[in-house]
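For reference, the structure is listed below as structure tokens.
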Amino acid sequence: STPPAIPQEILLNVRVRAYIAGNYSEFGPACRLMLPPTPCQTTQLTTAADPVISCGAIGLVFSSTIHASALSGATAYQFEFTRPGYRRRIASPSRSVALSFVTMPLQFNTCYQVRVRVTFDGGITFCPFGPPCSVTLGQATCPTSGMALEEGSAGMPTIDQAELNLWPNPNDGSQLNFACTGIDSSIGSVLVEITDAFGRLVQTRTLPAQDGYLKATLAFEHALPPGLYLVNVQAGDQRLTKRLVIQ
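Residue numbering for the sequence shown follows the working numbering, starting at 3 and increasing by one per position.
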């Protein structure tokens, strides 16, 4: 299995011991260490055949997929679609996204401006959006100006896809970090439930959320035995679920 990544921007105690003639010596004194944050980078829809040109694409259909330029180390890509009176954001674990949305679907014979931004920490923070590109479903004509809407435009609702991120995962069963983004900003608290593979509740907590965001560390009351678990987060009418592996 893949070992958990070393967290960034968190002070860690680091100790070292020697391995001599098949035996480990005692650990030496601890030193404090902090990994710097990953430098922010920007991306945009592909402008070369990688695998296809997505920036400026026309004649797309709802089964079409558009692609962003890949950034090494990115854990997710968030695509923003805008036109006058419309803004929709949707996150993807890869650099591509299909155009068949369920919530606030795109309209056929319509032109959209698309920007992309990435996260390197599982959605806790995002880098700035890259430059916009036009994409067209059907054969509509894209206006040459007035399409792009600035962040926070008055009266413009932003629909974000709610996301739940867990780390480390796999986990040693002692404590779990998690973050929720994109939940309803009117929600003040969320219910977190962890169940085992048989559906038995092993822990529950109610935690505060603010402005559609929640980040917390949950210490387990008792060390969880190895196995598969489900982490369920209930935020109003939104319910997010992810698998947790305890080793």
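Just so it is clear, CB atoms sit at the ideal spot from N, CA and C, and this is done for glycine as well.
Quick caveat: nothing in here was measured; it's all calculated off a predicted structure.
One Cα belongs to Gly124, the other to Ala218, and the distance between them is close to 14 Å. Beta-bridge partners of Gly229 (DSSP): Ile248. Residues of the same chain with a CB within less than 7 Å of the CB of Asn171, apart from the 5 flanking positions on each side, are Leu246 and Val247 in chain order. Per DSSP, Pro210 is one residue of the beta strand (DSSP E) stretching across Leu203 to Pro210.
Cβ-Cβ separation between Glu165 and Thr183: approximately 5 Å, consistent with a contact (criterion under 8 Å).
If you look at Asn111, you'll find it isn't in any beta strand (DSSP E); DSSP assigns it neither H nor E. A distance below 6 Å between beta-carbons, with the five flanking residues on each side excluded, links Gly140 to the following residues of its chain, in chain order: Phe110 and Asn111.
Cys129 and Val116 do not touch by the CB rule: their CB atoms are close to 16 Å apart, not below 8 Å. Look at the beta carbons and you see the stretch 196-205 not touching the stretch 235-245: under three pairs across the two are nearer than 8 Å. Cys57 is positioned such that its CB atom lies closer than 8 Å to that of Thr48. The shortest CA-to-CA distance from Thr77 to any of Thr143, Ile196, Leu168 and Arg90 is the one to Leu168.
When DSSP states are grouped into helix, strand and coil, Ile12 belongs to the coil group. Secondary structure at Cys57: coil, using DSSP grouped into helix, strand and coil. Rounded to whole angstroms, the gap between the alpha carbons of Phe122 and Ser74 is 9 Å.
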